[in-house]
Amino acid sequence: MPGFADATKYGIAVDSEIPRGTMFHIACSTWFTATGKVMPQYFKFEDDNGDIQTVRDILVKYTEDKNYSGIPSREYGCEAVIGGLIREFKLIFYLEACKWVMLV
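Put into structure tokens, the structure is as follows:
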């Protein structure tokens, strides 16, 4: 089974219709602006070795409302330092389930 290190070698491969790539369930801390905009501040996930990694200083490049198989969600195209390297990834927030995932 491929892990995080393997998935990030070749960048993001996510179609606009169906989320593709390696998915990691994350715990995400967010900030809500006065206008109701949601901004991820930092998140935690379990890496290949079973250690909990914390990712801070997330640069959000874009946000886009999506419907993956009819499930409303919001996609965030992001960049941050993970494991000492700058990585591009997507954070997806599933609105109805109030659940965050990272796609690499």
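Its first residue numbered -15, the sequence shown is counted upward by one per residue in the numbering used here. Every residue, glycine too, gets a C-beta built ideally from N, C-alpha and C. Here the structure is a predicted model, which means the values were calculated and not measured.
- Under the DSSP assignment, C62 falls in the beta strand (DSSP E) whose first and last residues are I55 to I66.
- The beta-carbon distance between Y60 and L75, rounded to whole angstroms, is 4 Å. This is short enough to meet the 8 Å contact definition.
- Counting along the chain, R71 sits inside the beta strand (DSSP E) bounded by residues L69 to Y78.
- With a threshold of 16 other beta carbon atoms within 10 Å, S13 falls short and is exposed.
- In this structure, K28 and Q37 form a Cβ contact; the two beta carbons are roughly 7 Å apart against a cut-off of 8 Å.
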